[in-house]
Amino acid sequence: MNLNVIDLGLIEYETAWKLQDEYAAEIAEGKRLPTLLLLEHPHVYTFGRKGHAENLLWNEEQLKQKGISIHWVDRGGDVTYHGPGQLVGYPLLPLTPIRPDRFQNESSDLENESVKPVRSDIKADYVGYVRKLEQTLITALSRLGVESGQRSGLTGVWIQKKKPAKIAAIGVKVDVHGVSRHGFALNVNPDMEYWEGIIACGLSEPVVSLADLLPSVPSMERVKQEISAAFCEMFWENNSKEFA
Numbered sequence: 000m001n002l003n004v005i006d007l008g009l010i011e012y013e014t015a016w017k018l019q020d021e022y023a024a025e026i027a028e029g030k031r032l033p034t035l036l037l038l039e040h041p042h043v044y045t046f047g048r049k050g051h052a053e054n055l056l057w058n059e060e061q062l063k064q065k066g067i068s069i070h071w072v073d074r075g076g077d078v079t080y081h082g083p084g085q086l087v088g089y090p091l092l093p094l095t096p097i098r099p100d101r102f103q104n105e106s107s108d109l110e111n112e113s114v115k116p117v118r119s120d121i122k123a124d125y126v127g128y129v130r131k132l133e134q135t136l137i138t139a140l141s142r143l144g145v146e147s148g149q150r151s152g153l154t155g156v157w158i159q160k161k162k163p164a165k166i167a168a169i170g171v172k173v174d175v176h177g178v179s180r181h182g183f184a185l186n187v188n189p190d191m192e193y194w195e196g197i198i199a200c201g202l203s204e205p206v207v208s209l210a211d212l213l214p215s216v217p218s219m220e221r222v223k224q225e226i227s228a229a230f231c232e233m234f235w236e237n238n239s240k241e242f243a
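The opening residue of the sequence shown carries number 0 in numbering that gives the first Met the number 0; numbering runs sequentially from there.
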């Protein structure tokens with residue numbers, strides 16, 4: 000069974016949000032294989048289910064001048080920023096176990112096969128999934144020359160210097176069918192000024208990017224390659240047919 004990685008390039012937030020809903024429904028119905036969407040967004044602030052309006056620091060005029068849109072969404076977490084130079088990943092994965100007999104044909108050509116629907120009677124491991132996303136990013140960052148890690152009690156990926164700084168944010172939703180939506184945002188070379196308009200994730204810790212940490216910033220294409228490779232290694236053990 001193959002993971003379908005789709006590079007959407009620069010895409011409006013609302014368009015990608017609707018696409019997630021469409022693909023997640025198809026995955027739940029057995030019409031599409033698990034999919035990882037990789038993309039960038041135009042400038043946008045998104046508030047999750049735990050969002051607080053007071054964590055938005057810029058007024059309406061400042062938001063207009065900066066070309067920032069705002070969306071309240073159904074992921075976990077508080078407010079975060081997305082924009083050009085930041086790699087966003089939306090894994091659309093059935094977190095309930097996938098068994099080989101769910102696939103009548105192991106080919107990835109869905110036009111000529113019937114894939115059985117996701118089981119909805121097994122509870123998804125939400126926390127374990129988030130920890131796996133964090134470790135996936137940590138692995139990819141290490142291959143890019145940056146050492147990072149997790150922080151107890153907090154979500155995301157962090158750089159430990161004199162003071163911890165967040166390099167990747169994570170906010171997900173798992174729907175009633177056990178299919179994940181939303182995902183992660185890794186700061187490659189974004190305009191860091193946009194974080195001045197929010198208290199990111201409701202935390203006071205600083206935010207950092209690969210451009211801040213490396214003498215030469217890797218291309219977005221290279222970052223996508225490392226993320227895709229680490230993602231497959233994390234969720235498909237030893238190239239088996241069963242979802243880890």
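Don't be surprised by glycine CBs; every beta carbon is placed ideally from N, CA and C.
Query, Result
"I10 - DSSP class collapsed to helix/strand/coil", "coil"
"Endpoints, beta strand (DSSP E) assigned at S68", "S68 to W71"
"Chain-order list of residues whose beta-carbon lies under 6 Å from that of Q149 (same chain, five-residue window excluded)", "E133"
"As assigned by DSSP and simplified to three states, the class of V156", "strand"
"Chain-order list of residues whose beta-carbon lies under 6 Å from that of L37 (same chain, five-residue window excluded)", "D6, G88 and K223"
"Outcome for D73 when other beta-carbon atoms lying within 10 angstroms are tallied against a minimum of 16", "exposed"
"Local conformation of A15 per DSSP, three classes", "helix"
"Nearest candidate by alpha-carbon position, reference A229, set P90, T138 and V129", "T138"
"W157 versus E60 - alpha carbon distance", "32 Å"
"Span of the beta strand (DSSP E), counted from its first residue to its last, around L91", "Q85 to L91"
"Where the alpha helix (DSSP H) containing S208 begins and where it ends", "Here S208 belongs to no alpha helix (DSSP H), and DSSP marks it neither H nor E."
"Contact check, L304 vs A167, beta carbons under 8 Å", "Outside the shown range of the chain (0 to 243) lies residue 304, about which nothing can therefore be said."
"Best match in L91, V43 and E21 for proximity to P83 [C-alpha to C-alpha]", "V43"
"Coil, strand or helix - S203 by DSSP", "coil"
"CB of R31 within 8 Å of CB of E25, strictly", "yes"
"Beta-carbon proximity of G76 to T14, cut-off 8 Å", "no"
"Residues of its chain near N3, where Cβ-Cβ distance is below 6 Å and the 5 sequence neighbours each way are ignored", "L32 and T34"
"Whether N54 touches I197 by CB criterion (8 Å)", "yes"
"Cα-Cα separation, Y193 to Y80", "7 Å"
"Beta-carbon proximity check, L86 vs M219, cutoff 8 Å", "yes"
"Cα-Cα separation, E232 to V129", "15 Å"
"Buried versus exposed, by CB contacts within 10 Å (16 or more), G8", "exposed"
"Residue closest to P93, alpha-carbon to alpha-carbon, out of N186, E28 and V216", "E28"
"Under 8 Å between C-beta atoms of V187 and V206", "no"
"Under the three-state DSSP convention, the category I5 falls into", "strand"
"Beta-carbon spacing of W16, G50 below 8 Å", "no"
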